[in-house]
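Below is one structure; the comments refer to it alone.
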Amino acid sequence: MTDGATGRPAPRKHAEAPQKQAEAPRKRADARRNERTLLDAAAAVFVTSGVEAPVRDVAARAGVGVATIYRHFPTRADLIIAVYRHQVEACAEAGPALLASSPSPHDALARWVNLFVDFLVTKHGLAAVLRSDDPGFEALHAYFLDTLVPVCGQLLRAAADAGEIGSGVDAYELMRAVGNLCIGADEDPRYDARRMVALLVAGLRY
5 MTDGATGRPA PRKHAEAPQK QAEAPRKRAD ARRNERTLLD AAAAVFVTSG VEAPVRDVAA
65 RAGVGVATIY RHFPTRADLI IAVYRHQVEA CAEAGPALLA SSPSPHDALA RWVNLFVDFL
125 VTKHGLAAVL RSDDPGFEAL HAYFLDTLVP VCGQLLRAAA DAGEIGSGVD AYELMRAVGN
185 LCIGADEDPR YDARRMVALL VAGLRY
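Going left to right, the sequence shown walks through residues 5 to 210 as my numbering numbers them.
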């Protein structure tokens, strides 16, 4: 087919468009996977070395160059905020999944609280950073509560509806109690915060 004005073959715009449209979502999906890999690596490094760990340790864990880390996260604050949000989102997504796959709602609650404890451990060293003047940290605590309290509430309601626990357990209070049990756990080898949290959750049963 030719262009009537020039006699040259007309450009195949419509044939190429679907291919480009298909490539774009694939690229976005690849970018998201790559970013998740970096965030998982950073979270693992933070657990062992704190949030002040060298960026090269995160890069080595992720199997990428340091420049790749900085391309995604130009500053350490950007990386810390992204890790925090990533961990919150993963914890939130786990709630409904555990509720659907666990033998009982109380079992789902116990397993989710265990993941929440993991999340608190992952924040090793973050508390001091959150007290800095960086404006990027200001909204993190509200994001944490707005995202996770409803998930905990859903698990508690399911367990109450199943007759496994009482109906008066408040999600915020439970999460606050779990957080308090985790304070200082990494400083005292004789204290097992996870065991104490498990006793707390077990105590919710009738």
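A virtual CB, placed ideally from N, CA and C, is assigned to each residue, including glycine.
A contact is defined here as three or more CB-CB pairs under 8 Å, and the segment 109 to 124 fails this definition with respect to the segment 61 to 74. Judged by their CB atoms, Leu208 and Leu113 are nearer to each other than the 9 Å cut-off.
DSSP places Arg89 within a helical segment (H, G or I) once states are collapsed to three. Per DSSP, the continuous alpha helix (DSSP H) segment holding Ile73 begins and ends at Val70 to His76. In the DSSP annotation of this structure, the continuous segment of the alpha helix (DSSP H) that includes Leu185 starts and ends at Ala175 to Cys186. Contact between Leu185 and Leu204 holds: their C-beta atoms lie close to 7 Å from each other, under 8 Å. Taking 8 Å as the upper bound for CB-CB distance, Ala47 and Gln91 are in contact here, some 6 Å apart. Excluding its 5 nearest sequence neighbours in each direction, Val49 has C-beta neighbours in its own chain below 6 Å: Ala57, Asp61, Val62 and Arg65, listed in chain order.
Between the segment 172 to 184 and the segment 82 to 96 there are fewer than three C-beta pairs closer than 8 Å, too few to call the two in contact. Taken through DSSP and simplified to helix, strand or coil, Arg80 comes out as helix.
With fewer than 16 other beta carbons inside 10 angstroms of its own, Tyr176 counts as exposed.
Straight across, the Cα-Cα distance linking Arg89 with Tyr210 is about 35 Å.
If you look at Leu149, you'll find it in the alpha helix (DSSP H) that goes Leu144 to Asp165. Our two residues, Arg199 and Cys156, have alpha carbons roughly 19 Å apart in a direct line.
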